[in-house]
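Residue numbers (my numbering): -4 to 569.
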Amino acid sequence: LKGITPGLSITQDNGQPGSGTSVNIRGMGTIGHSEPLYVVDGVVVGDIDYLNPSDIETIDVLKDAASAAIYGSRAANGVILVTTKKGSSGQKIVVNYSGYYGVQNIYRQLDMLDAQQYMEIMDEGNVNRGQEPYNWETKVPANTWEKLQNGWKGTNWIDEVAMENAPIKSHSISAAGAEESVIYSFGASHIDQKGIIGGDIIDAGFKRTTLRLNTEFILFKNKRHNVFKIGQNLTYMASENKRIADGNIYWNDLRHAIRSTPLQPVYDENDGDKYNYSAPYDQIAIYMTNPIATMWYDRAHNWDPQDKVIGNVYAELEPIKNLKIKSVYGIDWWSGLHRSYSEIFDLGAGMSRVEDAVEMRMNKGKNWQWTNTISYNQSFGVHNFALVLGHEMRRYQLDYNVGGNANNSIFEKPEYGYLDLMKDPEDVTKLGTWGTDGAAGGGGLMSYFGRVSYDYKEKYLLTGVLRADGSSNFAKDKRWGYFPSVSAGWIFTKEDFMASTSNFVNFSKIRFSWGQNGNERIDNFIYSSTISYSDERYYFGADKITSAVVSYPARVPNPDVAWETSEQLNFGLD
């Protein structure tokens, strides 16, 4: 989509393999949240990063309020509709394979100071402060000073943490076909991408396996049309991501590499397998922790597997031709686990860990939606009409992270780093939750919608949409929002006076639209006061302390919070 869809901006969140993207359609439409709504095979999903691109049949971008209004409150920032591949009636089985292999390198390397330049800069700093330059022969170990005298340029930490020719590979196979009353499509894919930073140190990278199955069964048909059919669209994704630190300046492996001194070698010359941080390097503040040691001991044994299931089942009844009654139930379910093992090490100068440590966390959640529609279209000569009426219910539930950590495991090995394998089970501490208020989140949405379309000779177009959304995020008297839209178009290339231009202009349309969308993506229960509990300590006398669980309001309620409504007016020439 990037570069070929006007008004669409796509940026990658960061350079980590498997990182997500931020998508923006025609700027920010609502406060605090500007991401579009993603709909895959009719199911609303949080993003489409789980999809294998080769499984996608079509992508449509709805930009203006009129086209997106059928999706109501969630469409204020546009809608991206994705349809995965399906078989077609009468199609013989077709099998496709696609794959690629590539290598990744840093495109533009930072110009780092070598050892001599670094010492000159540090000396300049001292002189500017009115101090004497360093006597470097006394400030670095003898073997390092000897290497410097023999022409050693020092350590380029960016070169050390970067993997040369980090591989990326992808395999995808699909099959589609149809029998007399069955249409099917299957896809399987696997992608494996090593990270350029940390790829050969901690095996940083991203792996994803995706399985997809779409089927449709025609249970009853007559000579004119299919009377009753059922089907399903199902995608399963399993991924694992091993990441380097990419947060703020205190938790960022690339920054650690940039700021570390080139006077420090990577490995201890007396023990090639041990990352070096010996005592002499803390004599002055110019020496820092070995960034490779930090990366290895803090992130080499982290695992973040995730499973995701997205799909729907549907039934469609067409009792008379062009009158369709359809019911679709969709689900978006995910489960994630984080497990880390921190081993015992001693790098000197306060950089050590005397007990190994284990941490485990998990999270899961699910969204479901049930959509029922009645649609009818009919033509009366040059007049064409289409009508859609629908009702939708949506429920979302997020169970925030829960887990714990402990020290001193039985086996002291990463493969046995689990909380139930500790020497003393009572050492498992900090069993709790991570997330908003340390609790689960959830809510619901109920909607009614309708759309009427009319065209005359397929060149004068008119559409009207009205949708009503009720959200659990608002108080009862503020719960419902109403979002209308209207659009019109004129395909003037179909006029007789444009016949002479058909050789160089084969399609042109003037369009107009006006519409309103809403936003309800706020924290749950802002309209009410929630209660928090804590263990407070009370002092009685000089030496007696008593603990008691107390409750108190976690926030001040705002019963007047209501829908945010955005309005768009659109003129265009296609």
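All C-beta atoms in this analysis are idealised placements derived from N, C-alpha and C, irrespective of residue type, glycine included.
Please list, in chain order, all residues of the same chain as I287 whose beta carbon is under 7 Å from its beta carbon, the five residues on each side excluded.
As a working mapping, residue 287 is identified with position 292 in the sequence shown. Excluding positions up to five away in sequence, the list reads E155, V156, I196, V261 and Y270.
Could you give the DSSP three-state label for A240: helix, strand or coil?
As a first step, residue 240 is located in the sequence shown; it is residue number 245 there, counting from the start. Note: A240 maps to coil in three-state DSSP.
From the DSSP output, in three-state form, read off Y113 for me.
Residue numbering aside, residue 113 sits at position 118 when the sequence shown is read from its first letter. It is helical.
Nearest to M117 by alpha carbon, out of H166, T6, L258 and G146?
For the purposes of this step, residue 117 is taken as residue 122 along the sequence shown, with counting starting at 1. When H166, T6, L258 and G146 are compared, the shortest CA-CA separation from M117 is found for L258.
Evaluate I279 with the Cβ neighbour count: other Cβ atoms within 10 Å of its Cβ, from every protein chain shown; 16 or more gives buried, anything less gives exposed.
Here residue 279 is taken as the residue at index 284 of the sequence shown, counted from 1. Any reading at I279 is ruled out, since the residue's pLDDT is 46, under 50, leaving its predicted position unreliable.
Quick one: which unbroken beta strand (DSSP E) runs of 3-plus residues sit fully inside the segment 192 to 220? Chain order, please.
200 to 216
Using the Cβ count rule (16 or more neighbours within 10 Å means buried), how would you classify S307?
Within the sequence shown, the letter at position 312 stands for residue 307. In the sequence as displayed, the identity of residue 307 is Asn instead of Ser. Buried: at least 16 other Cβ atoms inside 10 Å.
Out of curiosity, what's the CA-to-CA distance linking Q112 and R103?
Working through the sequence shown from its first residue, we reach residue 112 at position 117. Working through the sequence shown from its first residue, we reach residue 103 at position 108. So the two alpha carbons sit approximately 21 Å from each other.
Segment contact, 8 Å Cβ cut-off, at least three pairs: the segment 447 to 460 with the segment 470 to 486:
yes
What does the alpha-carbon distance come out to for the pair I(-1) and K80?
Sequence index remark: in the sequence shown, residue -1 carries index 4 (1-based). Sequence index remark: in the sequence shown, residue 80 carries index 85 (1-based). Near 22 Å, if we compare the C-alpha coordinates of K80 and I(-1).
Using beta-carbon positions only, say whether N151 and M114 come within less than 7 Å of one another.
Here residue 151 refers to the residue found at position 156 when the sequence shown is read from its first residue. Here residue 114 refers to the residue found at position 119 when the sequence shown is read from its first residue. No, Cβ-Cβ distance for N151 and M114 is not below 7 Å.
What residue range does the alpha helix (DSSP H) around K142 cover?
Sequence index remark: in the sequence shown, residue 142 carries index 147 (1-based). Element bounds for K142: A137 to Q144.
On a CA-only basis, which of D55, G465 and I163 is nearest M388? Give me that one, please.
Counted from its first residue, the sequence shown places residue 388 at position 393. Measuring from the Cα of M388, the nearest candidate turns out to be G465.
Could you check which residue in G41, K418, S546 and N236 has the C-alpha nearest to that of T525?
Walking along the sequence shown from the start, residue 525 turns up at place 530. Closest option to T525, Cα to Cα, is S546.
Pull up the distance between the alpha-carbon of F212 and that of S508, whole angstroms please.
On the sequence shown, position 217 is the one that residue 212 refers to. On the sequence shown, position 513 is the one that residue 508 refers to. Roughly 38 Å between the two C-alpha positions.
Once DSSP output is grouped into helix, strand and coil, what is the label at L461?
What you label residue 461 is simply residue 466 of the sequence shown in a count that begins at 1. Here L461 sits in strand by DSSP.
Note down, in chain order, each residue of its chain lying with its Cβ closer than 6 Å to the Cβ of I54, except the 5 sequence neighbours on either side.
Walking along the sequence shown from the start, residue 54 turns up at place 59. The residues are V77.
Among the candidates V222, Q7 and F375, whose CA atom is the shortest distance from the CA of D44?
Along the sequence shown, read from residue 1 onward, the residue named residue 44 stands at position 49. Of V222, Q7 and F375, the residue nearest in Cα terms is Q7.
Rounded separation between S467 and I65 - CA only:
Along the sequence shown, one-based indexing puts residue 467 at 472. Along the sequence shown, one-based indexing puts residue 65 at 70. Taking the straight line from one Cα to the other gives about 20 Å.
Neighbour-count burial assignment, W246, 16 or more Cβ in a 10 Å radius:
Locating residue 246 in the sequence shown gives position 251, counting from the first residue. Label assigned to W246: exposed.
Endpoints, alpha helix (DSSP H) assigned at S84:
Translated into positions along the sequence shown, residue 84 becomes position 89. No alpha helix (DSSP H) holds S84; DSSP gives it neither H nor E.
What do you get for G15, buried or exposed, if any count of 16 or more other CB atoms within 10 angstroms of its CB means buried?
Numbered from 1 along the sequence shown, position 20 holds the residue referred to as residue 15. Per the 10 Å Cβ criterion, exposed.
Work out the CA separation of G182 and T488 for me, nearest whole Å.
Against the sequence shown, residue 488 aligns to sequence position 493. Against the sequence shown, residue 182 aligns to sequence position 187. Taking the straight line from one Cα to the other gives about 41 Å.
Taking only the alpha-carbon atoms, compute the straight-line gap between G376 and F444 and give it to the nearest angstrom.
Position 381 of the sequence shown, counted from the start, is the residue given in the question as residue 376. Position 449 of the sequence shown, counted from the start, is the residue given in the question as residue 444. Cα to Cα, the separation comes out at about 28 Å.
Member of H185, S169, G510 and A470 whose CA lies at the smallest distance from the CA of L461
Numbered from 1 along the sequence shown, position 466 holds the residue referred to as residue 461. Checking every option, the nearest Cα to that of L461 belongs to G510.
Residues near S523 in its chain [Cβ-Cβ closer than 7 Å; skip 5 each side]:
What you label residue 523 is simply residue 528 of the sequence shown in a count that begins at 1. Closer than 7 Å at the Cβ level, and outside the excluded window around S523, lie P552.
Just verifying my parser: in three-state terms, what is the DSSP assignment at F487?
Looking up residue 487 in the sequence shown gives position 492. Assignment of F487 by DSSP, reduced to helix, strand and coil, places it in the helix class.
Give me the DSSP bridge partner(s) of P479.
The residue you call residue 479 lines up with position 484 of the sequence shown. DSSP, once it has assigned bridges, lists L461 as partnering P479.
Could you tell me the boundaries of the alpha helix (DSSP H) in which L249 lies?
Here the question's residue 249 lines up with position 254 in the sequence shown. That run of the alpha helix (DSSP H) goes D248 to R254.
Spatially closest choice to G439 from W329, D472 and Q364, by CA coordinates
Taking the first residue of the sequence shown as position 1, residue 439 is located at position 444. Minimum Cα distance to G439 is reached at Q364.
Can we say the segment 370 to 384 touches the segment 309 to 322, given the rule of at least three CB pairs closer than 8 Å?
Between the segment 370 to 384 and the segment 309 to 322, the count of C-beta pairs closer than 8 Å reaches three or more; the two stretches touch.
Using CA coordinates, which residue listed in A463, F380, T496 and S337 is at the minimum distance from V447?
Here residue 447 is taken as the residue at index 452 of the sequence shown, counted from 1. For V447, the nearest C-alpha among the options comes from F380.
So which of F502, S4, G85 and T230 has the shortest CA-CA distance to L568?
Numbered from its first residue, the sequence shown carries residue 568 at position 573. That would be F502, whose Cα lies nearest to the Cα of L568.
Beta strand (DSSP E) containing K504: first to last residue?
Working through the sequence shown from its first residue, we reach residue 504 at position 509. Here K504 belongs to no beta strand (DSSP E), and DSSP marks it neither H nor E.
Using 7 Å as the threshold, is the C-beta distance between S169 and Y95 below it?
Taking the first residue of the sequence shown as position 1, residue 169 is located at position 174. Taking the first residue of the sequence shown as position 1, residue 95 is located at position 100. Cβ atoms of S169 and Y95: not closer than 7 Å.
Applying the 10 Å Cβ sphere with the 16-neighbour rule, what's the burial state of F201?
Looking up residue 201 in the sequence shown gives position 206. Classification for F201: buried.
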